[in-house]
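Engineer: Residue numbers (our numbering): 3 to 147. Even glycine gets a Cβ: it sits at the ideal position worked out from N, Cα and C. Nothing here was measured: the structure is a model prediction, and the numbers come from that model. The structure that follows is given in the form of structure tokens.
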């Protein structure tokens, strides 16, 4: 009898684990692949031959997140955004502040995937800003509610 109860508990944990795994897979599909729930908005015309620098200060600093979004590994360098301070997953103008992050280069296709992840036009806008080293990079900045 004790063995039967143990088997039921094991079966329960396996079912729970598989349910959580399925929920994670569905969430990732919805976020990164699904055509439902978000229609990408063209921010501007991108050249397919060009590369684009992106400054990340939040979730995009994580290499696993970047790989899940753009399906490739990209090298990053430490970078700073002057006169902006980070508030949660946004940056706000504040004279003298510095936001730490990373900068990386992507092609037009990867930039579109990043736009989709950030929900450009709904949650974020992509803005070209100057980094402390004088170079320019795209930065995702939250839209006002």
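1. Between 84, 23 and 63, which lies nearest to residue 136 when the distance is taken from Cα to Cα?
2. Quick check: the Cα distance between residue 8 and residue 25, rounded to an integer number of angstroms?
3. Check whether the Cβ of residue 62 lies closer than 7 Å to any heavy atom of the ligand HEM, and answer yes or no.
4. Check residue 88 in the structure and name its three-state DSSP category.
5. Would residue 107 and residue 76 be called neighbours here (beta carbons separated by less than 8 Å)?
6. Identify the residues that DSSP records as bridge partners of residue 126: which are they?
7. Rounding to the nearest angstrom, what Cα-Cα distance links residue 98 and residue 134 in this structure?
8. In angstroms with no decimal places, state the Cα-to-Cα distance between residue 138 and residue 81.
9. What does DSSP give as the partner residues of residue 109 in its beta bridges?
10. Would you kindly report the start and end of the unbroken alpha helix (DSSP H) that includes residue 68?
11. Relative to the alpha-carbon of residue 142, which residue among 94, 100, 109 and 50 has its alpha-carbon at the smallest distance?
Structural biologist: In terms of the structure at hand:
1. Mapped onto the chain shown, residue 136 falls at position 134. Considering only alpha carbons, the answer is 84.
2. Against the chain shown, residue 8 aligns to sequence position 6. Against the chain shown, residue 25 aligns to sequence position 23. Rounded to whole angstroms, residue 8 to residue 25 spans 26 Å at the Cα level.
3. Because no ligand of any kind appears in the structure shown, any question about the ligand HEM cannot be addressed here.
4. The count along the chain shown starts at 1 and reaches residue 88 at position 86. Correct three-state label for residue 88: strand.
5. Your numbering for residue 107 matches position 105 in the chain shown. Your numbering for residue 76 matches position 74 in the chain shown. Yes, these two residues count as a Cβ contact at 8 Å.
6. Numbered from its first residue, the chain shown carries residue 126 at position 124. Looking at the DSSP assignment, residue 126 forms a beta bridge with 122 and 144.
7. Within the chain shown, residue 98 is the residue found at index 96, counting from 1. Within the chain shown, residue 134 is the residue found at index 132, counting from 1. Answer to the nearest angstrom: the Cα atoms are 11 Å apart.
8. Taking the first residue of the chain shown as position 1, residue 138 is located at position 136. Taking the first residue of the chain shown as position 1, residue 81 is located at position 79. About 11 Å.
9. In the chain shown, counting from the first residue as 1, residue 109 sits at position 107. Its beta-bridge partners are 53.
10. Position 66 of the chain shown, counted from the start, is the residue given in the question as residue 68. Element bounds for residue 68: 65 to 72.
11. Within the chain shown, the letter at position 140 stands for residue 142. Comparing Cα positions, the closest option is 94.
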